[in-house]
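Here's what the structure looks like:
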(Lines of atoms letter the chains of each structure in order from A and count residues from 1; the text may use other names and numbers.)
(Lines give C-alpha, C1' and ligand atoms only; values in the text may rest on other atoms or scores of the structure.)
Protein backbone atom coordinates (compact mmCIF):
# COMPACT_ATOMS: atom_id res chain seq x y z
CA UNK A 1 0.00 0.00 0.00
CA UNK A 2 2.76 2.42 0.93
CA UNK A 3 5.20 1.74 -1.87
CA UNK A 4 4.06 4.29 -4.41
CA UNK A 5 6.91 3.95 -6.87
CA UNK A 6 5.21 6.16 -9.43
CA UNK A 7 5.88 9.29 -7.37
CA UNK A 8 7.14 12.19 -9.44
CA UNK A 9 10.36 14.05 -8.73
CA UNK A 10 8.24 16.85 -7.22
CA UNK A 11 7.04 14.39 -4.55
CA UNK A 12 10.55 13.41 -3.48
CA UNK A 13 12.23 15.32 -0.68
CA UNK A 14 16.01 15.55 -0.80
CA UNK A 15 18.05 14.29 2.12
CA UNK A 16 20.13 16.86 3.93
CA UNK A 17 23.83 16.95 3.14
CA UNK A 18 25.89 15.48 5.97
CA UNK A 19 28.40 18.35 5.92
CA UNK A 20 25.61 20.92 6.24
CA UNK A 21 23.94 19.06 9.11
CA UNK A 22 27.25 18.67 10.94
CA UNK A 23 27.84 22.40 10.63
CA UNK A 24 24.32 23.15 11.84
CA UNK A 25 24.65 20.92 14.88
CA UNK A 26 28.03 22.46 15.60
CA UNK A 27 26.06 25.67 16.08
CA UNK A 28 22.92 24.15 17.62
CA UNK A 29 24.38 22.35 20.62
CA UNK A 30 26.20 25.35 22.15
CA UNK A 31 23.22 27.54 21.26
CA UNK A 32 20.90 25.31 23.27
CA UNK A 33 23.42 25.14 26.11
CA UNK A 34 23.33 28.93 26.36
CA UNK A 35 19.54 29.04 26.50
CA UNK A 36 18.64 25.98 28.62
CA UNK A 37 19.72 24.54 31.93
CA UNK A 38 19.09 21.03 30.57
CA UNK A 39 17.34 19.03 27.88
CA UNK A 40 16.29 15.77 29.51
CA UNK A 41 14.42 12.59 28.58
CA UNK A 42 12.12 10.74 30.96
CA UNK A 43 13.77 7.34 31.44
CA UNK A 44 10.47 5.48 31.68
CA UNK A 45 9.58 6.89 28.28
CA UNK A 46 12.25 5.00 26.39
CA UNK A 47 10.75 3.07 23.45
CA UNK A 48 9.61 -0.41 24.39
CA UNK A 49 10.71 -1.89 21.08
CA UNK A 50 13.95 -1.76 19.17
CA UNK A 51 13.60 -0.11 15.79
CA UNK A 52 15.25 -2.15 13.07
CA UNK A 53 17.28 -0.35 10.44
CA UNK A 54 14.65 -1.06 7.79
CA UNK A 55 11.76 0.52 9.70
CA UNK A 56 11.00 4.20 9.03
CA UNK A 57 9.72 6.32 11.92
CA UNK A 58 6.97 8.87 12.38
CA UNK A 59 7.53 10.92 15.55
CA UNK A 60 4.54 13.10 16.41
CA UNK A 61 4.64 15.65 19.20
CA UNK A 62 2.72 18.40 20.93
CA UNK A 63 3.65 21.96 19.94
CA UNK A 64 4.18 24.20 22.99
CA UNK A 65 6.97 26.51 21.85
CA UNK A 66 8.99 28.33 19.19
CA UNK A 67 11.88 26.10 20.24
CA UNK A 68 10.22 22.88 19.03
CA UNK A 69 11.93 22.57 15.59
CA UNK A 70 15.39 23.12 17.09
CA UNK A 71 14.69 20.72 19.95
CA UNK A 72 13.40 18.16 17.44
CA UNK A 73 16.64 18.37 15.48
CA UNK A 74 18.68 17.99 18.67
CA UNK A 75 16.60 15.03 19.88
CA UNK A 76 16.78 13.38 16.48
CA UNK A 77 20.58 13.43 16.47
CA UNK A 78 20.70 12.31 20.12
CA UNK A 79 18.18 9.45 19.84
CA UNK A 80 18.14 8.43 16.17
CA UNK A 81 21.56 9.49 14.81
CA UNK A 82 21.64 7.03 11.89
CA UNK A 83 18.34 8.23 10.43
CA UNK A 84 17.60 11.12 8.09
CA UNK A 85 15.52 13.94 9.57
CA UNK A 86 12.43 15.25 7.79
CA UNK A 87 9.62 17.51 8.98
CA UNK A 88 6.67 19.18 7.25
CA UNK A 89 6.42 22.94 7.59
CA UNK A 90 4.04 25.58 6.28
CA UNK A 91 4.95 26.25 2.65
CA UNK A 92 4.88 30.04 3.12
CA UNK A 93 7.26 29.79 6.07
CA UNK A 94 9.61 27.59 4.04
CA UNK A 95 9.65 30.14 1.22
CA UNK A 96 10.54 32.81 3.76
CA UNK A 97 13.24 30.71 5.45
CA UNK A 98 14.56 28.63 2.57
CA UNK A 99 17.56 27.42 4.59
CA UNK A 100 15.16 25.10 6.44
CA UNK A 101 14.90 23.02 3.29
CA UNK A 102 18.57 22.08 3.70
CA UNK A 103 17.74 20.82 7.20
CA UNK A 104 15.09 18.33 6.07
CA UNK A 105 11.96 20.49 6.21
CA UNK A 106 9.50 20.24 3.33
CA UNK A 107 6.67 22.61 2.50
CA UNK A 108 3.00 21.70 2.84
CA UNK A 109 -0.23 23.61 2.20
CA UNK A 110 -2.79 21.72 4.24
CA UNK A 111 -5.49 24.35 3.77
CA UNK A 112 -6.24 22.95 0.32
CA UNK A 113 -7.14 19.49 -0.97
CA UNK A 114 -4.21 19.50 -3.37
CA UNK A 115 -1.87 20.54 -0.54
CA UNK A 116 -3.05 17.66 1.65
CA UNK A 117 -2.56 15.23 -1.23
CA UNK A 118 0.94 16.59 -1.81
CA UNK A 119 1.76 16.14 1.89
CA UNK A 120 0.75 12.48 1.72
CA UNK A 121 2.73 11.83 -1.46
CA UNK A 122 5.87 13.50 -0.14
CA UNK A 123 5.59 11.82 3.25
CA UNK A 124 4.98 8.36 1.81
CA UNK A 125 7.94 8.87 -0.51
CA UNK A 126 10.11 9.71 2.51
CA UNK A 127 8.88 6.69 4.46
CA UNK A 128 9.75 4.40 1.57
CA UNK A 129 13.36 5.01 2.64
CA UNK A 130 14.03 2.72 5.63
CA UNK A 131 16.46 5.08 7.35
CA UNK A 132 14.06 8.01 7.46
CA UNK A 133 12.19 9.71 10.28
CA UNK A 134 9.42 12.28 9.93
CA UNK A 135 8.79 14.67 12.83
CA UNK A 136 5.25 16.09 12.93
CA UNK A 137 3.38 18.49 15.24
CA UNK A 138 -0.20 17.55 14.32
CA UNK A 139 -1.87 20.02 16.68
CA UNK A 140 -1.30 22.54 13.91
CA UNK A 141 -0.85 25.47 16.30
CA UNK A 142 1.03 26.45 19.42
CA UNK A 143 -0.70 24.93 22.44
CA UNK A 144 0.08 24.86 26.13
CA UNK A 145 1.55 21.54 27.20
CA UNK A 146 -1.39 20.97 29.58
CA UNK A 147 -4.04 21.95 27.01
CA UNK A 148 -5.33 18.74 25.44
CA UNK A 149 -8.32 20.24 23.66
CA UNK A 150 -6.71 20.65 20.25
CA UNK A 151 -7.75 17.97 17.79
CA UNK A 152 -4.95 16.45 15.77
CA UNK A 153 -4.94 17.44 12.12
CA UNK A 154 -6.14 14.59 9.86
CA UNK A 155 -2.98 14.35 7.79
CA UNK A 156 -1.22 12.15 10.36
CA UNK A 157 -4.00 9.56 10.58
CA UNK A 158 -4.22 9.48 6.77
CA UNK A 159 -0.47 8.90 6.61
CA UNK A 160 -0.61 6.05 9.14
CA UNK A 161 -3.44 4.44 7.19
CA UNK A 162 -1.57 4.83 3.91
CA UNK A 163 1.86 3.64 5.12
CA UNK A 164 1.81 0.07 6.45
CA UNK A 165 5.51 -0.43 7.25
CA UNK A 166 6.38 2.36 9.69
CA UNK A 167 6.55 2.83 13.45
CA UNK A 168 4.66 5.82 14.85
CA UNK A 169 5.92 7.22 18.15
CA UNK A 170 4.31 9.89 20.37
CA UNK A 171 6.59 12.46 21.98
CA UNK A 172 5.68 14.97 24.70
CA UNK A 173 7.50 18.25 25.33
CA UNK A 174 7.43 20.69 28.22
CA UNK A 175 9.49 23.80 28.93
CA UNK A 176 9.63 24.61 32.64
CA UNK A 177 11.50 26.77 35.12
CA UNK A 178 12.77 25.01 38.21
CA UNK A 179 15.57 26.30 40.47
CA UNK A 180 17.82 27.89 37.85
CA UNK A 181 17.60 31.10 35.84
CA UNK A 182 17.25 29.20 32.56
CA UNK A 183 14.43 26.82 31.66
CA UNK A 184 14.55 23.05 31.34
CA UNK A 185 13.21 21.21 28.31
CA UNK A 186 11.67 17.91 29.40
CA UNK A 187 10.84 15.13 26.96
CA UNK A 188 9.01 11.81 27.11
CA UNK A 189 8.55 9.14 24.47
CA UNK A 190 5.30 7.22 24.52
CA UNK A 191 4.30 3.74 23.42
CA UNK A 192 5.20 3.09 19.76
CA UNK A 193 2.77 1.52 17.32
CA UNK A 194 3.55 -0.36 14.12
CA UNK A 195 1.23 0.84 11.38
CA UNK A 196 1.17 -2.60 9.77
CA UNK A 197 -0.25 -4.19 12.92
CA UNK A 198 -3.61 -2.47 12.52
CA UNK A 199 -4.85 -2.89 8.93
CA UNK A 200 -8.44 -2.93 10.18
CA UNK A 201 -8.24 0.57 11.66
CA UNK A 202 -10.07 3.28 9.74
CA UNK A 203 -8.79 6.86 9.57
CA UNK A 204 -11.07 7.87 12.49
CA UNK A 205 -9.71 4.87 14.44
CA UNK A 206 -6.17 6.04 13.78
CA UNK A 207 -7.07 9.59 14.78
CA UNK A 208 -8.48 8.38 18.11
CA UNK A 209 -5.54 6.10 18.96
CA UNK A 210 -2.97 8.70 17.94
CA UNK A 211 -4.61 11.34 20.12
CA UNK A 212 -4.86 8.95 23.07
CA UNK A 213 -1.19 8.01 22.72
CA UNK A 214 -0.01 11.61 22.67
CA UNK A 215 -2.22 12.78 25.54
CA UNK A 216 -1.22 9.80 27.69
CA UNK A 217 2.44 10.61 27.09
CA UNK A 218 1.84 14.26 27.98
CA UNK A 219 0.10 13.29 31.22
CA UNK A 220 2.99 11.02 32.23
CA UNK A 221 5.47 13.79 31.53
CA UNK A 222 3.36 16.32 33.44
CA UNK A 223 3.32 14.09 36.51
CA UNK A 224 7.11 13.79 36.43
CA UNK A 225 7.49 17.52 35.81
CA UNK A 226 5.34 18.52 38.77
CA UNK A 227 7.61 16.52 41.09
CA UNK A 228 10.45 18.98 40.27
CA UNK A 229 13.00 16.19 40.52
CA UNK A 230 15.62 15.40 37.89
CA UNK A 231 16.02 11.82 39.14
CA UNK A 232 13.54 10.27 36.66
CA UNK A 233 15.29 11.97 33.73
CA UNK A 234 18.33 11.27 31.61
CA UNK A 235 20.13 14.52 30.89
CA UNK A 236 20.86 14.76 27.16
CA UNK A 237 22.32 18.27 27.29
CA UNK A 238 24.10 19.90 30.20
CA UNK A 239 23.31 23.57 29.84
CA UNK A 240 24.11 26.78 31.68
CA UNK A 241 23.85 27.16 35.44
CA UNK A 242 23.92 30.21 37.64
CA UNK A 243 22.49 33.71 37.51
CA UNK A 244 24.54 35.33 34.79
CA UNK A 245 28.05 36.75 34.45
CA UNK A 246 27.77 39.82 36.67
CA UNK A 247 25.78 38.19 39.46
CA UNK A 248 27.92 35.05 39.48
CA UNK A 249 31.13 37.11 39.44
CA UNK A 250 30.00 38.78 42.66
CA UNK A 251 29.09 35.41 44.17
CA UNK A 252 32.42 33.95 43.10
CA UNK A 253 34.31 36.84 44.70
CA UNK A 254 32.33 36.48 47.92
CA UNK A 255 33.11 32.75 48.02
CA UNK A 256 36.80 33.50 47.51
CA UNK A 257 36.88 36.09 50.30
CA UNK A 258 35.01 33.87 52.76
CA UNK A 259 36.97 30.74 51.86
CA UNK A 260 33.94 28.84 50.63
CA UNK A 261 33.58 26.72 47.54
CA UNK A 262 31.71 28.51 44.77
CA UNK A 263 28.59 26.71 43.53
CA UNK A 264 27.17 28.13 40.31
CA UNK A 265 23.90 26.24 40.57
CA UNK A 266 20.98 27.20 42.79
CA UNK A 267 19.43 23.75 43.09
CA UNK A 268 20.20 20.05 42.96
CA UNK A 269 18.60 19.24 39.60
CA UNK A 270 20.80 17.89 36.82
CA UNK A 271 24.08 18.25 38.69
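In this note's numbering, the protein residues as written are 1 to 271. The beta carbon of each residue, even a glycine, is placed where N, CA and C say it ideally should be.
Residue i, DSSP secondary structure in three states
i, result
"residue 135", "strand"
"residue 231", "coil"
"residue 299", "Here the chain has residues from 1 to 271 only, and residue 299 is not among them."
"residue 99", "helix"
"residue 28", "helix"
"residue 189", "strand"
"residue 173", "strand"
"residue 36", "coil"
Reference residue i; option with closest CA among the options
i, options, result
"residue 163", "120, 139, 204", "120"
"residue 16", "190, 100, 169", "100"
"residue 193", "32, 83, 53, 59", "59"
"residue 221", "184, 195, 157", "184"
"residue 131", "207, 81, 63", "81"
"residue 78", "187, 65, 13", "187"
"residue 12", "125, 172, 153, 143", "125"
"residue 177", "30, 24, 38, 197", "38"
"residue 240", "30, 24, 26", "30"
"residue 27", "66, 88, 165, 70", "70"
"residue 229", "32, 40, 36", "40"
"residue 54", "179, 127, 200", "127"
Cβ-based burial, residue i [other Cβ within 10 Å; buried from 16]
i, result
"residue 247", "Bear in mind that a pLDDT of 49 at residue 247, under 50, signals an unreliable position, so the model cannot answer this."
"residue 106", "buried"
"residue 18", "exposed"
"residue 161", "buried"
"residue 223", "exposed"
"residue 64", "buried"
Range covered by the beta strand (DSSP E) that runs through residue i
i, result
"residue 86", "84-90"
N- and C-terminal bounds of the alpha helix (DSSP H) containing residue i
i, result
"residue 154", "154-162"
"residue 222", "203-226"
"residue 69", "68-79"
Proximity test, residue i beta-carbon vs the ligand ATP heavy atom, cut-off 6 Å
i, result
"residue 66", "This structure lacks the ligand ATP; in fact it carries no ligand of any kind."
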